[in-house]
Amino acid sequence: MRTLGVVFRKEVLDNFRDRRTLMSALLLGPLFGPIIFAFAINLSLKQSLSDVGQTLELPVLGAEHAPNLVDYLRSHNIDITAAPGSRAEAMTAVESGTHDVVVVIPESFGGDLADGIPATVEIITDQASRASERESRRATRALASYSQELAALRLSARGVSPLVLRPLNIDVVDTSTPSGRSAMLLGMMSYFFIFALLTGGMNLAIDTTAGERERGSLEPLLCLPVTRDQLILGKILAACVFMAASLGISLISFFVVLKFVSLEQLGMTPNFGPVVVGIAFLLLLPFALVGATLMTLVASFTKSYKEAQTWLSVVLLAPTLPILIVSILMLRPSTLLMLVPSLSQHLLLVGLIRNEPLVGLHVAVSVAGTLAVGALLAWVCTRLYRREGLLI
Amino acid sequence: MIRVEHLHKSFGEVQAVCGVSFDAADGLITGLLGPNGAGKSTTLRILYTVMKPDSGSARIDGVDVTAQSLDARRRIGTLPHGAGLYPHLTARENIAYYARLYGIAEDAVDAQVDNIVRQLDIASFADRRTKGFSQGQRTKVALARALVHEPQNVILDEPSNGLDVMATRALRDVIRALKSAGKCVLFSSHVMQEVAALCDEIVIIAAGQVALHDTPDGIRQATGCDDLEDAFVKAIGRVERVA
Chain A
0 MRTLGVVFRK
10 EVLDNFRDRR
20 TLMSALLLGP
30 LFGPIIFAFA
40 INLSLKQSLS
50 DVGQTLELPV
60 LGAEHAPNLV
70 DYLRSHNIDI
80 TAAPGSRAEA
90 MTAVESGTHD
100 VVVVIPESFG
110 GDLADGIPAT
120 VEIITDQASR
130 ASERESRRAT
140 RALASYSQEL
150 AALRLSARGV
160 SPLVLRPLNI
170 DVVDTSTPSG
180 RSAMLLGMMS
190 YFFIFALLTG
200 GMNLAIDTTA
210 GERERGSLEP
220 LLCLPVTRDQ
230 LILGKILAAC
240 VFMAASLGIS
250 LISFFVVLKF
260 VSLEQLGMTP
270 NFGPVVVGIA
280 FLLLLPFALV
290 GATLMTLVAS
300 FTKSYKEAQT
310 WLSVVLLAPT
320 LPILIVSILM
330 LRPSTLLMLV
340 PSLSQHLLLV
350 GLIRNEPLVG
360 LHVAVSVAGT
370 LAVGALLAWV
380 CTRLYRREGL
390 LI
Chain B
0 MIRVEHLHKS
10 FGEVQAVCGV
20 SFDAADGLIT
30 GLLGPNGAGK
40 STTLRILYTV
50 MKPDSGSARI
60 DGVDVTAQSL
70 DARRRIGTLP
80 HGAGLYPHLT
90 ARENIAYYAR
100 LYGIAEDAVD
110 AQVDNIVRQL
120 DIASFADRRT
130 KGFSQGQRTK
140 VALARALVHE
150 PQNVILDEPS
160 NGLDVMATRA
170 LRDVIRALKS
180 AGKCVLFSSH
190 VMQEVAALCD
200 EIVIIAAGQV
210 ALHDTPDGIR
220 QATGCDDLED
230 AFVKAIGRVE
240 RVA
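Heads up: the sequence lines are chains A and B, in that order.
Residues 0 to 391 (numbering that gives the first Met the number 0) make up the first sequence, in order.
Residues 0 to 242 (numbering that gives the first Met the number 0) make up the second sequence, in order.
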């Protein structure tokens with residue numbers, strides 16, 4: 000027991016003095032997520048809020064053929080601007096990105112309208128580009144509502160109620176709560192937390208095998224009258240503590256960042272107060288054991304620090320896999336899913352942010368399942384550490 | 000007191016050690032001499048228990064290195080080949096870490112570390128972090144770390160590698176001091192002069208076997224060469240022809 004403590008204390012001291020480890024473990028990892036998040040949210044907030052009030056500048060070719068339509072568009076906050084000289088020129092202008100959308104009204108427009116033939120209006124746009132998607136959607140919607148208004152007028156003129164064209168009245172009732180809507184957005188945060196946690200212990204995990212070997216300090220260490228199990232468990236324990244610290248910093252910095260992001264404007268009230276931060280920390284904590292042992296395990300197969308870093312960056316991505324699969328399949332949290340480390344933490348965290356009551360059984364299964372996987376990995380690590388080939 | 004009997008160890012197809020036997024007595028310096036790849040390091044690694052022999056046995060003060068490896072480790076101080084330190088810890092912290100892992104009681108650690116720091120004359124840099132130490136300073140700290148628990152047996156794998164003249168001299172003084180304290184010192188080298196300058200007994204290993212085991216004078220007589228280096232070449236040649 001004393002040996003475990005001695006190894007643990009030395010690892011913590013050693014890594015605290017290594018500025019590079021400290022930077023990546025306790026600063027970059029934990030702050031990376033919240034800052035990226037705040038940046039992305041603010042950007043999308045700005046965009047979605049500015050959309051409605053902003054005037055859309057729409058180049059229309061052949062505006063002179065449809066003066067009424069043009070007036071209608073103007074009254075819907077759409078500015079008609081000069082368009083390229085011909086349809087072919089409009090095509091190239093959109094292809095090259097000079098314009099996002101160009102509306103082309105052919106000469107026959109007025110005649111067709113008068114004859115009651117569907118009059119063609121072309122919207123030229125590049126649907127693969129996200130920027131033009133928004134503008135073309137607005138233009139399409141404005142044209143469609145003009146078309147509907149015309150249809151209603153035509154029916155009225157013939158003494159038919161325009162309501163016959165609306166046999167169904169579709170009304171979507173949204174039951175989502177403000178915290179529920181934030182959960183979709185904040186769901187991705189669980190991965191940032193797991194990422195922060197893993198980066199926190201990465202250098203320690205590498206050091207246990209590849210690092211000690213590269214430095215030449217492994218062989219004298221193994222000559223000491225202590226079992227290799229004690230050595231590796233002390234090191235894993237130290238990695239767990241660094242991971243926990245990194246997780247804590249990440250949660251707190253996210254809590255602070257949320258104060259500066261006006262999610263309420265998006266109709267969201269995230270349930271992320273100090274109590275939730277505390278509970279989230281406890282829910283995610285068992286994953287530190289899985290992270291530390293998994294990283295130690297992978298690093299033990301590598302020959303050098305550099306090689307270990309390469310492989311461990313793959314491990315950093317591994318926990319996203321179950322989260323991704325479940326998000327795509329839209330699975331609801333179940334007791335069975337709680338057996339999967341990283342996924343169970345993700346589901347519990349999302350529930351927490353949605354302000355749903357925690358299911359005791361789910362929490363128990365998540366904690367027990369994660370710790371069991373961690374213990375199994377730790378056992379495999381001790382087995383590998385006993386190998387003679389460890390030195391070479 | 001170290002006793003090695005009929006050690007065999009192979010890695011895949013390669014027979015690194017085949018039937019090595021020798022004794023290293025207390026109060027004597029025994030040199031393990033041989034060309035690169037002769038099996039010196041493997042023999043020492045079996046002695047300090049990081050490897051297990053395929054067959055044969057080795058005992059430290061009568062304690063079997065395979066059956067009671069923890070007990071055996073307590074009785075030796077080891078300086079493996081190219082022993083590395085922890086760069087972010089001071090020399091003193093490096094030594095204290097080993098002292099604790101050797102099981103020295105917490106309240107005795109400081110005194111024990113001070114003691115070895117004084118003995119090896121490393122006080123001037125003992126409180127600096129070992130990052131940026133010279134090879135000589137590093138070897139001294141590694142040696143201090145290996146001797147902090149005052150072991151009866153000391154095993155050194157090519158300790159003078161990469162040391163300059165002054166550092167080599169200092170190292171020899173430490174080894175001689177250990178001898179006069181009645182310790183059993185076993186060290187390996189591929190440098191003839193070094194072994195000749197220090198050793199009471201020389202074990203020449205070639206191709207995984209003991210070619211000769213004698214005092215320096217005995218070896219000169221047995222090979223009929225006055226010069227130890229010629230004797231060394233002749234002894235190795237004998238084994239390698241057979242092998």
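For glycine and all other residues, C-beta sits at the position ideal for the given N, C-alpha and C.
State the DSSP-derived secondary structure class of residue i, mapped to helix, strand or coil.
{"i": "B/Ser188", "result": "strand"}
{"i": "B/Glu12", "result": "coil"}
{"i": "B/Pro34", "result": "coil"}
{"i": "B/Ser54", "result": "strand"}
{"i": "B/Glu149", "result": "coil"}
{"i": "A/Ala65", "result": "coil"}
{"i": "B/His260", "result": "Missing from the structure shown is residue 260 of chain B; chain B here goes from 0 to 242 and no further."}
{"i": "A/Ala97", "result": "The sequence shown places Thr at residue 97 of chain A, not Ala. If DSSP states are grouped into helix, strand and coil, A/Thr97 belongs with coil."}
{"i": "B/Thr129", "result": "coil"}
{"i": "A/Phe271", "result": "coil"}
{"i": "A/Arg8", "result": "helix"}
{"i": "A/Asn354", "result": "coil"}
{"i": "A/Met329", "result": "coil"}
{"i": "A/Gly28", "result": "helix"}
{"i": "A/Lys302", "result": "coil"}
{"i": "A/Ile2", "result": "According to the sequence as given, residue 2 of chain A is Thr; it is not Ile. A/Thr2: helix per DSSP, three-state reduction."}
{"i": "A/Leu21", "result": "helix"}
At a CB-CB cut-off below 8 Å, which residues of chain A make contact with residue i?
{"i": "B/Arg72", "result": "Cys222, Leu223 and Pro224"}
{"i": "B/Val49", "result": "Glu218, Leu221, Cys222, Glu387 and Leu390"}
{"i": "B/Arg175", "result": "The contacting residues do not exist; B/Arg175 stays about 23 Å from chain A at best."}
{"i": "B/Ala23", "result": "Under the 8 Å cutoff, chain A gives no residues; its nearest Cβ is about 17 Å from B/Ala23."}
{"i": "B/Ala141", "result": "Pro219"}
Can you name the residues that DSSP bridges to residue i?
{"i": "B/Phe21", "result": "B/Val3"}
{"i": "B/Leu155", "result": "B/Leu78 and B/Phe186"}
{"i": "B/Asp63", "result": "B/Arg58"}
{"i": "B/Ala205", "result": "B/Gln208"}
{"i": "A/Glu121", "result": "A/Val103"}
{"i": "A/Gly59", "result": "The amino acid at residue 59 of chain A is misidentified as Gly; the sequence shows Val. Its beta-bridge partners are A/Val102."}
{"i": "A/Thr80", "result": "A/Pro58"}
{"i": "B/Glu200", "result": "B/Thr29"}
Give the residues of chain A in contact with residue i, contact being defined as C-beta atoms less than 9 Å apart.
{"i": "B/His7", "result": "Neighbours of B/His7 on chain A: none; closest Cβ ~15 Å, over 9 Å."}
{"i": "B/Leu69", "result": "Pro224, Val225 and Thr226"}
Show which residues of chain B have a CB atom less than 9 Å away from the CB atom of residue i.
{"i": "A/Arg214", "result": "Gly83, Leu84, Tyr85 and Pro86"}
Taking Cβ-Cβ distances shorter than 7 Å, what residues in chain A pair up with residue i?
{"i": "B/Thr77", "result": "Pro219 and Cys222"}
{"i": "B/Arg99", "result": "Val5"}
Show which residues of chain B have a CB atom less than 7 Å away from the CB atom of residue i.
{"i": "A/Thr2", "result": "Leu100"}
{"i": "A/Arg16", "result": "His87"}
{"i": "A/Lys9", "result": "Tyr96"}
In chain B, what lies closer than 8 Å to residue i by C-beta?
{"i": "A/Asp13", "result": "Tyr85, His87 and Leu88"}
Quick check on residue i - is its C-beta less than 8 Å from some C-beta in chain E?
{"i": "A/Gly290", "result": "No chain E is part of this structure, whose protein chains are labelled A and B."}
Validate contact between the stretch 85-105 of chain A and the stretch 158-165 of chain A using beta carbons, cut 8 Å, 3 pairs:
no
Is the stretch 118-134 of chain B touching the stretch 37-47 of chain B, taking contact as three or more C-beta pairs under 8 Å?
no
Can we say the stretch 131-151 of chain A touches the stretch 72-82 of chain A, given the rule of at least three CB pairs closer than 8 Å?
yes
Report yes or no: do the stretch 358-367 of chain A and the stretch 328-339 of chain A share at least 3 C-beta pairs separated by less than 8 Å?
yes
As an exercise, report each continuous alpha helix (DSSP H) stretch of at least 4 residues that is fully enclosed by the stretch 81-109 of chain B, in chain order.
90-100
Three or more C-beta pairs closer than 8 Å, one from the stretch 283-302 of chain A and one from the stretch 319-328 of chain A: is that the case here?
no
In chain order, each alpha helix (DSSP H) run of at least 4 residues that lies wholly inside the stretch 155-235 of chain A
177-185, 188-205, 211-214 and 217-221
Whole alpha helix (DSSP H) elements within the stretch 161-185 of chain B, 4-residue minimum
164-179
Segments of 3+ residues assigned as beta strand (DSSP E) that fall wholly inside the stretch 235-260 of chain A
none
Counting only runs that start and end within the stretch 335-382 of chain A, where is the alpha helix (DSSP H) found for 4 or more residues in a row?
342-352
Stretch pair the stretch 186-196 of chain A + the stretch 238-258 of chain A: three plus CB contacts closer than 8 Å
yes
Would you check if the stretch 125-143 of chain A and the stretch 103-117 of chain A touch, i.e. whether three or more CB-CB distances between them fall below 8 Å?
no
Can at least three beta-carbon pairs, one atom from the stretch 359-374 of chain A and one from the stretch 0-9 of chain B, be found at a separation below 8 Å?
no
Is the stretch 58-76 of chain B close to the stretch 225-239 of chain B, with three or more CB pairs under 8 Å?
no
Is the stretch 17-34 of chain A close to the stretch 245-255 of chain A, with three or more CB pairs under 8 Å?
yes
Taking 8 Å as the cut-off, does the stretch 176-184 of chain B touch the stretch 203-217 of chain B (at least 3 CB pairs, one atom from each stretch)?
no
Taking contact to mean 3 or more Cβ pairs, one atom from each stretch, closer than 8 Å, check whether the stretch 105-115 of chain B and the stretch 154-168 of chain B are in contact.
no
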